[in-house]
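Residue numbering for the sequence shown follows numbering that gives the first Met the number 0, starting at 0 and increasing by one per position. Report on one structure; see the data block that follows.
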Amino acid sequence: MTDVFAWSNFLTALFPKLSLGISLPAWGQTAPILAATHELDADSAALVLPGVLLSLVVVYIASKIGGELSNQLGFPPVLGELVTGVIVGVSALHLLVFPESGAQSSDSLIIQLLQTTAGLNPQSAEAVFNAQSEVISVLSELGVIILLFEIGLESNIRHLMAVGYQATIVACVGVAVPFAAGTAGLMLLFGVPAIPAIFAGAALTATSIGITSKVLSEIGRLSTKEGQIILGAAVIDDVLGIIVLAVVASLAKTGEIDVMNVIYLIVSATVFLLGSILLGSFFHNTFIKVANSLKTRGGLLIPALVFAFVMSYLGAVIHLEAILGAFAAGLVLDESDETLELQKLVLPISDMLVPVFFVCVGAKTDIGVLNPAVPTNREGLIMAVFLIVVAIVGKIVTGATVFGQDKINRLAIGVGMIPRGEVGLVFAGIGSASGALSKPLEAAIIMMVIITTFIAPPLLRIVFKDEPALVPESGSPSLNGDNESPFIVESEMVKQSLSQNSSTEKPE
């Protein structure tokens, strides 16, 4: 174990600026991984690993319990992971707590267990706690990078273009209206500073394609005009949202709004994504040749991860975000014929790392700040109500922008854009990690994500209740198999619906 720390000291001295793109404990800081272990003796340092292992046990048990219960109730498993994260975190059980949430080693039940069972001395407890928390935060970073890579893999630009300009208009309005209303409202009505208000406004722009596509498939509306516009707009919304996230996250690093810097970020993010897409047709041939030439295990997966991490690095070094690079990498690799196989190979890695991110988001959220019995918390509750209203109304109005379409359910299109789901949690988690959000505002954003995700599925069923469901084609039920990744299911459903449209649509 001491050899590991010796290497850590050597690498820290050699690369003093070493960091991982998204510095989750405090953005913009350059503390090396396991920096806290430098304060430990060898015996205490050896207890960092048991602390990390116990933390992962808590994460995985919490994620499975929450995910299974949520799934049985008909809601996305990610919501269960978030809720159980809140339960095991600073709000309740204190099994998984972090220094950036204001916790100390004495607040962590895992550290107390190490003191009782492994002989951890009280003098070293704080350093072990900090090191253990830092490792979990790094795993959480990797989880969100893998998540955005996976989302990129299931997004297909060519199929999105087939949906047409209607989806693009809906997506643009669905980003602009909630962002503007949320940001302006927080600043004018609540006196929230510009940076936190912009971050909250950015969180309002998200749309979860996973939740919407699942509900549309279940009610037989996936291949309708409404379904195609909703799905296309949701994916374009994700692309726009990633750009917005890159901009506001970089603003959070500097702490100020520089108009020229914002313009640079928008242009660079757009060029970065478009450049990646344009290079996709060239790169995928090279990627396939390299993957086919490798005969050992991981011949397809390892080159893909290398490319994703390199793109993440490039996204970080040009002052965007690592997650934008991961998303772009997924878009590029989606051009390859092996995309579905690659999605299945990424799935176990995603299953291992992504729950760490979502459970940590919940664990770091102190819902006690929304307790109405405490007078100082009432403003946070009012902000949560405001954000929920803006989140719902800001997406419903998108349906009114659809024109030139007779007998189309515009309300259904707006409702289909409401759920924030896992995409909204990405915004909330990164906003929390940046330190830009106050505890009441952070909790208010989490509440907005939960409420909008819970209400969207029943609302979609209601707005479509008077319309006959379409009978899915033979073979389509397999897309809803319990063993499939939601991202693979989404990708296949979107491609199936769009190919159906292109083959059956007749000129008027």
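Cβ atoms here follow ideal geometry from the backbone N, Cα and C, with glycine treated the same way. Keep in mind the model is a prediction, meaning the values are calculated, not measured.
- Unbroken alpha helix (DSSP H) stretches of 4 residues or longer found wholly inside the segment 78-137: 108-116, given in chain order.
- Under the three-state reduction of DSSP, Ser433 is assigned to helix.
- Residue burial is scored here from C-beta neighbours: Gly324 has at least 16 other C-beta atoms within 10 angstroms and is therefore classed as buried.
- In this model, Pro195 and Thr295 are separated by some 48 Å (Cα to Cα).
- Ser433 and Lys406 have their C-alpha atoms roughly 46 Å apart.
- Of all alpha-carbon atoms in Ser311, Ile135, Val345, Ile387, the one lying nearest the alpha-carbon of Cys359 is that of Ile135.
- Counting the other CB atoms within 10 Å of its CB gives Asp350 a total below 16, which places it among the exposed residues.
- Using a Cβ distance threshold of 8 Å, Gly88 and Ala443 do not count as a contacting pair.
- Separation of Lys464 and Val214 (C-alpha to C-alpha, rounded to the nearest whole angstrom) is 13 Å.
- Linking Phe282 to Val331 through their CA atoms gives a straight-line distance of about 8 Å.
- Around the Cβ of Phe426, a 10 Å sphere holds 16 or more other Cβ atoms; the residue is buried.
- Taking Leu272 as reference, the option from Gly314, Ala327, Ser139 with the minimal CA-CA separation is Ala327.
- In this structure, DSSP gives Leu152 a helical state, which the three-state scheme calls helix.
- DSSP, reduced to helix, strand and coil, places Asn70 within a helical segment of the structure shown.
- Using a C-beta cut-off of 8 Å, the segment 165-183 makes contact with the segment 391-399, since at least three inter-stretch Cβ pairs fall below that distance.
- DSSP, read as helix, strand or coil, puts Asp333 in coil.
- The alpha-carbon of Leu94 is positioned some 18 Å away from that of Pro121.
- Per DSSP, reduced to three states, the secondary structure at Ala205 is coil, with no helix or strand assignment.
- As the crow flies, the alpha-carbon of Gly181 is around 12 Å from that of Gly190.
- As for any alpha helix (DSSP H) of minimum length 4 sitting wholly inside the segment 354-413, the runs are 377-395, ordered along the chain.
- Between Leu48 and Val353, the gap from beta carbon to beta carbon reaches 8 Å or more.
- Apart from the 5 residues on each side of it in sequence, Gly298 sits with its Cβ closer than 7 Å to the Cβ of Ala290 in its chain, given in chain order.
- One thing to note: Val448 has its Cβ no nearer than 8 Å to the Cβ of Gly184.
- Per DSSP, the unbroken alpha helix (DSSP H) holding Phe178 starts and ends at 164-189.
- Excluding its 5 nearest sequence neighbours in each direction, Ser100 has C-beta neighbours in its own chain below 7 Å: Val89, Lys363, Asp365, listed in chain order.
- Here Gln103 is exposed. Its C-beta has fewer than 16 other C-beta atoms within 10 Å.
- In the three-state reduction of the DSSP assignment, Pro302 falls in the helix class.
- In the DSSP assignment, Ala442 falls within the alpha helix (DSSP H) that extends over 438-462.
- Rounded to the nearest whole angstrom, the CA to CA distance from Leu72 to Val270 is 42 Å.
- The three-state reading of DSSP puts Pro347 in helix, counting H, G and I together.
- Contact check for Gly84 against Phe357 passes: the beta carbons are separated by less than 8 Å.
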